[in-house]
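Asks: Sharing a structure, written as structure tokens. Questions coming.
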Amino acid sequence: MVSEELKKMFEGRIAMQDMHYVGKACYGRLEENLRGKIELGQGFMDNGYTRLTVSVLERTNGLVDQMKFLISDVTGLKQEIDGERIAGPELRSYKDSVWWNCEMEEADYQKIAEAVNGYLSLFQLEELVHGQQKGEVQGQEVQTGALPSNILT
């Protein structure tokens, strides 16, 4: 399932608490009145999920800010599993099966989580960000990072 792949990408790695995975999105709490949403998306010509939309929502007033980026902007292009061409990572699904078109390594998941964290940390209180850098989120070590330089904001 797509939600399991999201869990693999983000669980214990990002600056949200009380995370819930539903379909192609995950939701969590950033601070008292702010929530975060990370959703997989696809472009017009894509066969699978090639991008992430990260949204910050105020609990009562709705959308505060949103950022969209291609997964390949963070991980770089990769050789497809069938070995025929170089392409951006694409998560595909059919019925109950989910697979990447290329080999995704732990380092790739970490880069994606750091890009998301870099954005989400802009909306958190300073004390929360520092506490999370010390590993206080979900009992695991979390690294907040800046967005990669090749992502346009």
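Taking this note's numbering, I'd label the letters of the sequence shown as residues 50 to 202.
Built from N, CA and C at the ideal position, the CB exists for glycine as well.
#1: With DSSP as the reference, please indicate the residues paired to Y70 in a beta bridge.
#2: Tell me whether K127 is buried or exposed, calling it buried when 16 or more other Cβ atoms sit within 10 Å of its Cβ.
#3: With distances taken between CB atoms, is the gap from V123 to I161 smaller than 8 Å?
#4: If you follow the beta strand (DSSP E) that F118 is part of, which residue opens it and which one closes it?
#5: Are the CB atoms of M68 and E60 within a distance shorter than 8 Å?
#6: Along the chain, where does the beta strand (DSSP E) containing G61 start, and where does it finish?
#7: Whose C-alpha, out of A156, D157, E155, P138, is nearest the C-alpha of W148?
#8: Do you know offhand how far G97's Cα is from L89's?
#9: For L155, report the span of its alpha helix (DSSP H) as first-last.
#10: Do G85 and M116 count as a contact pair if the criterion is CB distance below 8 Å?
#11: Identify the continuous beta strand (DSSP E) that holds E88 and give its terminal residues.
#12: Excluding sequence positions up to five away, which residues of its chain have a Cβ less than 7 Å from the Cβ of M207?
#13: Going by other Cβ atoms of all chains shown within 10 Å of its Cβ, with 16 needed for buried, is M94 buried or exposed?
#14: Over the uninterrupted beta strand (DSSP E) stretch that includes R100, give me the two end residues.
#15: Distance check for I87 and N166, CA to CA, integer angstroms please.
#16: Would you call the CB atoms of C151 and A136 closer than 8 Å?
Replies: By the coordinates alone:
#1: Beta-bridge pairing by DSSP links Y70 to C75.
#2: Around the beta carbon of K127, 16 or more other beta carbons lie within 10 angstroms, which makes this residue buried.
#3: In this structure, V123 lies near I161, with their beta-carbon atoms less than 8 Å apart.
#4: In the DSSP assignment, F118 falls within the beta strand (DSSP E) that extends over 111–119.
#5: One thing to note: E60 has its Cβ within 8 Å of the Cβ of M68.
#6: No beta strand (DSSP E) holds G61; DSSP gives it neither H nor E.
#7: Selection A156, D157, E155, P138 evaluated against W148 yields P138 as nearest (Cα-Cα).
#8: The alpha-carbon atoms of G97 and L89 are separated by roughly 9 Å.
#9: First, the residue type needs correcting, since residue 155 is Glu and not Leu in the sequence shown. Per DSSP, E155 is one residue of the alpha helix (DSSP H) stretching across 155–169.
#10: Against a cut-off of 8 Å, the Cβ pair of G85 and M116 comes out as no contact.
#11: It spans 83–90 - the beta strand (DSSP E) in which E88 sits, taken as one unbroken run.
#12: It is not possible to answer for residue 207, since the shown part of the chain is limited to 50 through 202.
#13: Burial state of M94 is exposed, judged by a 10 Å Cβ sphere holding fewer than 16 other Cβ atoms.
#14: Segment 100–107, the beta strand (DSSP E) holding R100.
#15: So the alpha carbons of these two residues sit roughly 11 Å apart.
#16: For C151 and A136, yes; Cβs fall inside 8 Å.
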